[in-house]
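Take a look at the structure below.
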Amino acid sequence: MDNNSNRIQRNNNGRFLLGLLLLTIGSILIFQRLVMPLPHWIFSWQTLLIAIGLIIGVQHNFRNPSWLILVLIGTIFLLGDLFPAFPMRYYAFPIALIVIGLWIIFNPNRVGNRKSVVGAEHENGNAGYSRDEYLDSVSFFGGVRKVILSKDFKGGDVTSIFGGTELDLSQADINGRIVLDVTQVLGGTKLIVPPHWDIKSELVSVFGGIADKRNIQSVTINPDKILILKGTSVFGGIDIRSY
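So the mapping is simple: our numbering equals the position in the sequence shown, first residue as 1, plus 20.
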């Protein structure tokens, strides 16, 4: 129960912050046109990346590295534009390694009984197999493919930043309502689920969408098996299929 409450609160925070970001951008644009010009960096892609990173961080209580990676990339390139005499981009890669290393040291076990899948982790051939009830997957500039075998899957978190994630739930089973919290920026998620599951979306999407491509015309949806998609999608899509 506490787990579900925390997820609902995180989703509400994400909606509020995303709405606040759009409201702020609109207000600044009006101010710029009516009063005075503003510095160009305010509307740069670097600033947008930093803002998205902070929103994702607040939404997930700053407990996974995706927000830090976005803020780091945006800050490095923004400083490079503001101070062209200082070769900030030259130090970008070692700085990124240091920050990620510190994060790993001080956060060795982020989510107790959840299994974390970072990057392109593969087991037993082309895919990783998991019997865990919870999943915590992070894909950054890479791909993750995971086959869930748990017969009492309870959901988890999926983060895709400049990468893709494929979750095969066709051999899994759920009981009641479960939540899959998806965060993706310039990335995509493919879900393979049984055709009789009821999929509900509460995802906050900006320049993205969800496509349910399952053939469910001749299938009876089971009201006791509900998968709820929550989270934030920016310039990314979710593809739902069944085989």
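Built from N, CA and C at the ideal position, the CB exists for glycine as well.
When we look at the beta-carbon of glutamine 237 and count the other beta-carbons within 10 Å, is it buried (16 or more) or exposed? exposed
Within the continuous beta strand (DSSP E) that includes glutamine 204, where are the two ends? 196-205
To the nearest whole angstrom, what separates the beta carbons of isoleucine 93 and leucine 117, a pair I think is in contact under 8 Å? Not confirmed; about 13 Å, so no contact.
Bridge partners - phenylalanine 160, DSSP secondary structure assignment: Ile181
Do you know offhand how far arginine 234's Cα is from valine 213's? 9 Å
Taking DSSP as the reference, what is the three-state secondary structure of leucine 169? coil
Unbroken alpha helix (DSSP H) run spanning isoleucine 258, endpoints: Premise fails: isoleucine 258 lies in the beta strand (DSSP E), 257-261, not in any alpha helix (DSSP H).
Coarse secondary structure for isoleucine 219, derived from DSSP in three states: strand
Taking C-alpha atoms, which residue in Phe63, Asp232, Ser262, Val199 lies nearest to leucine 42? Phe63
Answer yes or no: does any C-beta atom of chain D fall closer than 8 Å to that of isoleucine 45? Among the chains in the structure shown there is no chain D, since it carries only a single protein chain.
Please report the distance separating the alpha-carbon of leucine 211 from that of glycine 184. 11 Å
Cα separation between alanine 71 and aspartate 193? 37 Å
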